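One structure below.
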Amino acid sequence: MDITIWNIMTDVGIMSVLLMVGVLLKAKVSWIQKTFMPASFIAGLLGLLFGPNGLGWLPFSSWIELYPAVLIAVVFASIPIGAVKKRFKEQSSRIRNVWIYGVFILMLFYAVGLLLTQLFLTPVMNVPVGAGMMLGVGFFGGHGSAAAIGETFASLGWEEATSLGYTSATIGMVIAVFCGMLIIKRGTNQNEAHFVSDFKRLPNELKTGLMPKEKRQSIGETTLSPNAVDPLLAHIGLIAIAILLAYGAKIGIEAVFPMLSLPLFSFAILTGILIQWLLRKTKSDDYVDKRVVDRIGGTATDLIVMFGIASINLTVVASYAVPLAILFIVGLLVAYISFRILAPRTFRTYWFENAVFSWGYTTGTVAMGVALLKIVDPELKSTALEDFGVAYLGIMPFEVLTLTFLPLILMSGFGWAYTGLAITICLSLIIVSRSQGWITSMKYSNDHSRTHSQ
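In structure tokens:
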């Protein structure tokens, strides 16, 4: 059956109802509030329970599993569009260390996942070597990364990868929140937190998701006259142009190289950079509000979470349950050891707040990291978010290249080569950082953080 506009409208309409139910449940049900799960996550679980892969009560079309592969292009295209120029000098050492930590954890997760798969899971349980990516996708990546690698693996003949990726990302979000809350509780009790001392005193909006009037902020400015064009449509149009160019580039390259299959998102970020360059060259960038662009990207991210979870094939998940459990138990240990040992020696100012935020984004999503950060730093006085925003520009190439080419590398039989490369990068980061004094052998104390912040 061919997809129609009414298939899309019906799917989005049903999911919107579930989203509103998720918003209501988060606002009213106390035990749900304690989980800090976003409404989109709740909506996705409801879609999985009542949709075609669950009880079959909701008439979703068979196309819902394909939406995230397109939506992830929206997310990546929106990253460079509207970006402001940053001054690096004042915060260069902090940004450098955030970059070191981020790249190290990213490469470590993929190295550990592939090592475990190639040494044990594949020979003993006959699991495809591509399953080794699920640790990195579930922890560092999220549902967007799952959509990205699912598209590539499906084109290479392993269609189960998509459901496994979404499942892994869902597991990652749960671990990020629940283990993150335990980490925060222990940290406040051990006097490691700089801004809070009582775990129970949390802003109400973090629990309910409802912003009080005095804390509400504008999502953007009217940069263009509505008499000419609606400003929101203009911003959507810029992203749409980037995706159109990305799709054209993808089709063109694959026509020249028929054996090559690359995901749309990897082109979208490049065409997004091109759009931003043209905006600056024509001095039009002042009419682009980054907050509006980010909200469009955020909307696409929520849709990815909802449709991604709702389209999980439970039969596939059940057949991979034991390998996934092994991967994530080992991954959780690796993540926690990195949190306790590397983070306090890397983040010189507000190390605990930076480490909590890093726990959130390296095991779940950036949104999870922000939610956890607001618990230990309610007024965002630390530099964690600001530093990460710049450092991610350097982390992103490693992530994009991994998501784009690692499926091709693994399916071509070069898994050990990539594993060796990932381990080499991790070791090089530590050796160079230690030799240059960027990270120390001694843990930074809370008092040391205060000294640096003054």
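Under the working numbering, the final residue of the sequence shown carries the number 461; numbering is consecutive throughout. Positions of the beta carbon are idealized from the N, C-alpha and C atoms, including for glycine. All values derive from a computational prediction rather than experimental measurement.
**Request:** Apply the 10 Å Cβ neighbour rule to Asp309 and answer buried if 16 or more other Cβ atoms are within range, or exposed otherwise.
**Result:** Sequence index remark: in the sequence shown, residue 309 carries index 302 (1-based). That one is buried.
**Item:** Sequence-distant residues of its chain with Cβ nearer than 7 Å to Phe146 (five each side left out)
**Value:** On the sequence shown, position 139 is the one that residue 146 refers to. Cβ neighbours of Phe146 within its own chain (closer than 7 Å, five residues either side excluded): Phe116, Gly179, Gly338, Ala342, Thr369, Thr370.
**Request:** Can you tell me which of Ser326, Asn198, Ile243 puts its alpha carbon nearest to the alpha carbon of Lys135?
**Result:** Start at 1 with the first residue of the sequence shown, and residue 135 comes out as number 128. According to the sequence shown, residue 135 is Pro rather than Lys. Restricting attention to Ser326, Asn198, Ile243, the CA atom closest to the CA of Pro135 is found in Ser326.
**Item:** Beta-carbon proximity of Trp38 to Gly187, cut-off 7 Å
**Value:** Within the sequence shown, numbered from 1, the residue matching residue 38 stands at position 31. Within the sequence shown, numbered from 1, the residue matching residue 187 stands at position 180. Not in contact: Trp38 and Gly187 (Cβ atoms no closer than 7 Å).
**Request:** Can you tell me which of the three DSSP states Leu26 falls into?
**Result:** In the sequence shown, the residue the question calls residue 26 occupies position 19. Helix.
**Message:** By the DSSP assignment, the alpha helix (DSSP H) with Arg287 in it spans what residues?
**Reply:** Walking along the sequence shown from the start, residue 287 turns up at place 280. That run of the alpha helix (DSSP H) goes 271-288.
**Prompt:** Is there contact here, the region 276-286 with the region 10-21, by at least three beta-carbon pairs under 8 Å?
**Reply:** No, the region 276-286 does not touch the region 10-21.
**Message:** I'd like the span of the alpha helix (DSSP H) that includes Trp106, first residue to last.
**Reply:** Walking along the sequence shown from the start, residue 106 turns up at place 99. Run containing Trp106: 99-123, per the alpha helix (DSSP H) assignment.
**Request:** Could you spell out the range, first to last residue, of the alpha helix (DSSP H) harbouring Ala424?
**Result:** The count along the sequence shown starts at 1 and reaches residue 424 at position 417. Here the alpha helix (DSSP H) through Ala424 covers 422-443.
**Message:** Below 8 Å on the Cβ atoms is my contact criterion, and I expect Ile446 with Asn104 to pass it. Report the Cβ-Cβ distance as a whole number of Å.
**Reply:** Walking along the sequence shown from the start, residue 446 turns up at place 439. Walking along the sequence shown from the start, residue 104 turns up at place 97. With 8 Å as the limit, Ile446 and Asn104 qualify as a contact, their Cβ atoms being about 7 Å apart.
**Request:** Just tell me which of Phe111, Phe83, Ala183, His201 has its CA closest to the CA of Gly151.
**Result:** What you label residue 151 is simply residue 144 of the sequence shown in a count that begins at 1. Checked all of Phe111, Phe83, Ala183, His201; the closest Cα to Gly151 is Phe83.
**Asked** Does DSSP put Phe2 in a helix, in a strand, or in coil?
**Response** Given that the chain is displayed from residue 8 to residue 461, the structure contains no residue 2 and the question cannot be resolved.
**Prompt:** Near Gly61, what residues of its chain come up, given a Cβ to Cβ distance below 7 Å and the 5 sequence neighbours on each side ignored?
**Reply:** Within the sequence shown, numbered from 1, the residue matching residue 61 stands at position 54. Only residues of its own chain outside the window of five on either side were considered, and among them Leu55 have a CB closer than 7 Å to the CB of Gly61, listed in chain order.
**Request:** Measure the C-alpha to C-alpha separation of Ala332 and Pro233 and round it to an integer number of angstroms.
**Result:** Position 325 of the sequence shown, counted from the start, is the residue given in the question as residue 332. Position 226 of the sequence shown, counted from the start, is the residue given in the question as residue 233. Taking the straight line joining both Cα atoms gives about 53 Å.
**Item:** Cα-Cα separation between Arg302 and Ile382, rounded to whole angstroms
**Value:** On the sequence shown, residue 302 is found 295 positions in, with the first residue counted as 1. On the sequence shown, residue 382 is found 375 positions in, with the first residue counted as 1. Cα to Cα, the separation comes out at about 23 Å.
**Request:** Identify whether Trp70 lies in helix, strand or coil by the three-state DSSP scheme.
**Result:** For this step, residue 70 is matched to residue 63 along the sequence shown. In the structure shown, Trp70 sits in coil (DSSP, three-state: anything other than H, G, I, E or B).
**Message:** According to DSSP, is Asn211 part of a helix, a strand, or is it coil?
**Reply:** Here residue 211 is taken as the residue at index 204 of the sequence shown, counted from 1. Helix, per DSSP.
**Item:** Pick from Ser389, Leu413, Glu167, Leu286 that is closest to Lys92, judged by C-alpha positions
**Value:** Counted from its first residue, the sequence shown places residue 92 at position 85. Looking at the Cα atoms, Leu286 is the closest of the given residues.
**Request:** Could you tell me which of Ile12, Val300, Thr356 sits nearest to Ala200, measuring between CA atoms?
**Result:** Here residue 200 corresponds to residue number 193 of the sequence shown, with the count starting at 1. Selected option, being the one with the closest Cα: Thr356.
**Item:** Ala90 in three-state terms, based on DSSP
**Value:** In the sequence shown, the residue the question calls residue 90 occupies position 83. In the structure shown, Ala90 sits in coil (DSSP, three-state: anything other than H, G, I, E or B).
**Asked** Of all the options Val81, Ile226, Asn211, which has the alpha carbon lying nearest to the alpha carbon of Pro219?
**Response** Your numbering for residue 219 matches position 212 in the sequence shown. Comparing Cα-Cα distances from Pro219 to each of Val81, Ile226, Asn211, the minimum goes to Asn211.
**For Phe147, three-class secondary structure by DSSP** = Indexing the sequence shown from 1 puts residue 147 at position 140. Phe147: helix per DSSP, three-state reduction.
**Asked** If Ser68 sits next to Asn14, beta carbons under 8 Å apart, how far is it from one beta carbon to the other, in whole angstroms?
**Response** Residue mapping note: residue 68 aligns to position 61 of the sequence shown, counting from 1. Residue mapping note: residue 14 aligns to position 7 of the sequence shown, counting from 1. About 4 Å separates the two Cβ atoms, so the contact holds.
**Asked** With distances taken between CB atoms, is the gap from Ser440 to Ile107 smaller than 7 Å?
**Response** Numbered from its first residue, the sequence shown carries residue 440 at position 433. Numbered from its first residue, the sequence shown carries residue 107 at position 100. Taking 7 Å as the Cβ cut-off, Ser440 and Ile107 qualify as a contacting pair.
**Item:** First through last residue of the alpha helix (DSSP H) which encompasses Gln197
**Value:** The sequence position of residue 197 within the sequence shown is 190, counting from 1. Neither: Gln197 is in no alpha helix (DSSP H) and is coded neither H nor E.
**Prompt:** Using DSSP with H/G/I as helix, E/B as strand and the rest coil, what is Val36?
**Reply:** Here residue 36 is taken as the residue at index 29 of the sequence shown, counted from 1. If DSSP states are grouped into helix, strand and coil, Val36 belongs with coil.
**Stretch-stretch touch, CB-based, cutoff 8 Å, three pairs: the region 294-301 with the region 153-172** = Verdict: no, contact absent.
**Request:** Provide the residue span of the alpha helix (DSSP H) that contains Thr129, from first to last.
**Result:** Numbered from 1 along the sequence shown, position 122 holds the residue referred to as residue 129. Run containing Thr129: 129-132, per the alpha helix (DSSP H) assignment.
**Asked** Quick one: Cα of Ile319 to Cα of Leu123, how far?
**Response** Mapped onto the sequence shown, residue 319 falls at position 312. Mapped onto the sequence shown, residue 123 falls at position 116. Cα-Cα distance, rounded: 24 Å.
**Among Met140, Val363, Phe274, nearest to Leu2 - alpha-carbon criterion** = In the structure as shown, the chain starts at 8 and stops at 461, and residue 2 therefore has no counterpart that could be examined.
**Message:** Between the alpha carbons of Val329 and Leu171, how many angstroms are there, rounded?
**Reply:** On the sequence shown, position 322 is the one that residue 329 refers to. On the sequence shown, position 164 is the one that residue 171 refers to. Rounded to the nearest angstrom, the two C-alpha atoms are 12 Å apart.
**Asked** Which of the three DSSP states, helix, strand or coil, is assigned to Val312?
**Response** For this step, residue 312 is matched to residue 305 along the sequence shown. For Val312, the three-state secondary structure derived from DSSP is helix.
**CA nearest to the CA of Thr229, picked from Phe57, Asp296, Gly51** = Residue 229 sits at position 222 when you count from the first residue of the sequence shown. Measuring from the Cα of Thr229, the nearest candidate turns out to be Asp296.
**Message:** To the nearest angstrom, how far is the alpha carbon of Gly444 from that of Leu271?
**Reply:** Taking the sequence shown and counting its residues from 1, the one referred to as residue 444 is at position 437. Taking the sequence shown and counting its residues from 1, the one referred to as residue 271 is at position 264. Rounded to whole angstroms, Gly444 to Leu271 spans 40 Å at the Cα level.
**Asked** So Ala398 packs on Phe364, CB below 8 Å; how close in whole Å?
**Response** Here residue 398 refers to the residue found at position 391 of the sequence shown. Here residue 364 refers to the residue found at position 357 of the sequence shown. Rounded to the nearest angstrom, the Cβ distance from Ala398 to Phe364 is 12 Å, too far for a contact under 8 Å.
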